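Colleague:
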Amino acid sequence: MTELVRVKGVAKDFVLHNQGGARLPVLARVSFAVKAGECLVLHGPSGAGKSTLLRLLYGNYKCSQGEIQILHRGRYVDIASADPREVLDVRRLTLSYVSQFLRVIPRLSAQDIVAAPLVARGVERTIAHHRAQDMLDRLNIPARLWGLAPATFSGGEQQRVNIARSFIAITPVMLLDEPTASLDAQNRDVVIALIEEARRAGSALIGIFHDEAVRERAATRRIDIHSFTAAEAA
Ligand SMILES: Nc1ncnc2c1ncn2[C@@H]1O[C@H](COP(=O)(O)OP(=O)(O)O)[C@@H](O)[C@H]1O
Ligand SMILES: [Mg+2]
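Residue 0 is where the sequence shown starts when you use numbering that gives the first Met the number 0, and the numbers rise one by one after that.
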């Protein structure tokens, strides 16, 4: 299977400008590849740098060292050195980031928010809305909420709207930062099914899951984040 992600020698130090420029080393010598159809789970205690690694992969944080090659439009783009316009193009077609948090857009209905990624890809509005309703239904959002703006929804409902939106148009590479945190068992099962469907469609996923049972079911492979920094500690 094709490698969709190639991480080579990545390091991240945070520079704390408001604390006399102190350097906080978080990640060093991170190297791995992820193939189409895999779900790689990042393992390690709180504060180990898992979310930082996903943000580096998405281009939200700048690497201190190393390369992050993502297969985009048939060639590898190095997210660590690409210009911002190219990063946006990679995100538009190839790379998505799923967290537990919904960015609420005032007055837009749940249905519109979920349908938006399809509409942006040129899918006809009524078709996009039908698919959005199917996704909302799968995530057990009651139909009476579909036409309402999620600002007043419960935290769990907002989280499920976010997942519906994130998985309605799967991308070749998907980064998941605790998408199942605080979901009930039934909705966790739905997320695991969505991950499996994305894998079967040929996506490469990299995920962080708080819950060991979820890790067990979602992972095709695991990496302990400490394995990268262990050499330095020794
Ligand atoms: N923007 C930031 N500025 C400074 N330090 C940060 C920043 N983001 C994360 N950190 C630090 O990096 C370390 C790893 O954080 P994080 O990646 O969130 O860990 P994890 O997701 O594994 O729990 C922590 O010590 C955290 O305080
Ligand atoms: Mg985290």
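A virtual CB, placed ideally from N, CA and C, is assigned to each residue, including glycine.
These numbers were taken from a predicted model, which means no experiment stands behind them.
Cβ of residue 205 within 8 Å of any heavy atom in ligand 2?
Modeller: For ligand 2, not one heavy atom lies less than 8 Å from the Cβ of residue 205.
Colleague: Given residue 234, which residues of its chain have a CB within under 7 Å of its CB, disregarding the five upstream and five downstream residues?
Modeller: In the structure displayed, the chain extends from 0 to 233; residue 234 sits before or after that span and is not available.
Colleague: Helix, strand or coil for residue 173? Go by DSSP, reduced to three states.
Modeller: Strand, per DSSP.
Colleague: Run the proximity test for residue 47: is its beta-carbon closer than 8 Å to any non-hydrogen atom belonging to ligand 1?
Modeller: Yes.
Colleague: Just checking residue 88 against ligand 2 - is the residue's beta carbon closer than 8 Å to any of the ligand's heavy atoms?
Modeller: No, ligand 2 has no heavy atom inside 8 Å of this Cβ.
Colleague: Using DSSP bridges, identify the partner residues of residue 63.
Modeller: BP columns for residue 63 are empty, so no partner.
Colleague: Is the beta carbon of residue 23 within less than 8 Å of some heavy atom of ligand 1?
Modeller: Yes.
Colleague: Please report the distance separating the alpha-carbon of residue 144 from that of residue 168.
Modeller: If I take the Cα positions, the gap works out to 21 Å.
Colleague: In the DSSP assignment, find the beta strand (DSSP E) that holds residue 31 and state where it starts and stops.
Modeller: Segment 21-34, the beta strand (DSSP E) holding residue 31.
Colleague: Return the first residue and the last residue of the beta strand (DSSP E) that residue 77 is part of.
Modeller: Start and end: 74-77.
Colleague: State buried or exposed for residue 218, treating a residue as buried only when at least 16 other CB atoms are found within 10 Å of its CB.
Modeller: So residue 218 ends up on the buried side.
Colleague: For residue 174 versus residue 113, is the C-beta distance shorter than 9 Å?
Modeller: No, the pair does not count as a contact, with Cβ atoms beyond the cut-off.
Colleague: Assuming residue 48 and residue 25 form a contact by the criterion Cβ under 8 Å, report the distance between their Cβ atoms to the nearest whole angstrom.
Modeller: About 4 Å; that satisfies the 8 Å criterion.
Colleague: Taking the beta strand (DSSP E) that residue 196 belongs to, which residues open and close that run?
Modeller: Counting along the chain, residue 196 falls outside any beta strand (DSSP E), though it belongs to the alpha helix (DSSP H) covering 184-199.
Colleague: From the DSSP output, which residues share a beta bridge with residue 68?
Modeller: Answer is 5, 77, bridged to residue 68.
Colleague: Taking residue 180 as part of the beta strand (DSSP E), name the residues at either end of that continuous run.
Modeller: Counting along the chain, residue 180 falls outside any beta strand (DSSP E), and DSSP gives it neither H nor E.
Colleague: Let me know the secondary structure DSSP gives residue 207 once reduced to three states.
Modeller: Residue state, collapsed to three classes: strand.
Colleague: Could you tell me which of 54, 150, 187, 209 sits nearest to residue 162, measuring between CA atoms?
Modeller: Selected option, being the one with the closest Cα: 187.
Colleague: Excluding the five sequence neighbours on either side, which residues of its own chain have a C-beta within less than 6 Å of the C-beta of residue 131, listed in chain order?
Modeller: Here the set comprises 110, 113, 114.
Colleague: I think residue 65 touches residue 4, with their Cβ atoms under 8 Å apart; what is that distance to the nearest whole Å?
Modeller: Between residue 4 and residue 65 the Cβ distance is about 13 Å, and since that is not below 8 Å, they are no contact.
Colleague: Look at the alpha carbon of residue 196 and the alpha carbon of residue 127, and state the distance between them as a whole number of angstroms.
Modeller: Looking at the two C-alpha atoms, the distance is approximately 19 Å.
Colleague: Below 6 Å CB to CB, which residues in the same chain sit around residue 182 once its five sequence neighbours on both sides are set aside?
Modeller: Excluding residues within five positions, none has a Cβ falling inside 6 Å.
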